[in-house]
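In what follows, a single structure is set out as structure tokens and then discussed.
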Amino acid sequence: MVNRTSKEVVIYEFREKNISRRQTYRQAELAKSFVFEELTVELARVFG
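Following this line, the structure appears as structure tokens:
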């Protein structure tokens, strides 16, 4: 989930239709996937 106002991204992992983990990343951080280890997003580039 992306919040453009607060410049945050929340990544969720679901198990059996329930949230098993979540992680919030902010502005200049590197957001990382729980499932795909190589998948990352530079939030500084997203929010500019």
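In the numbering used here, the protein residues as written are 6 to 53.
Idealized CB from N, CA, C, for every residue including glycine.
| Query | Result |
| --- | --- |
| DSSP state of V14, grouped into three classes? | strand |
| Quick check on L48: buried or exposed, where buried means 16 or more other Cβ atoms within 10 Å of its Cβ? | buried |
| With H, G and I counted as helix, E and B as strand and the rest as coil, what does DSSP make of V51? | helix |
| Could you give the first and the last residue of the continuous beta strand (DSSP E) run that contains A36? | L35 to K37 |
| For E18, which residues from the same chain have a beta carbon less than 6 Å from its beta carbon, with the 5 sequence-adjacent residues on both sides left out? | S25, R26 and F39 |
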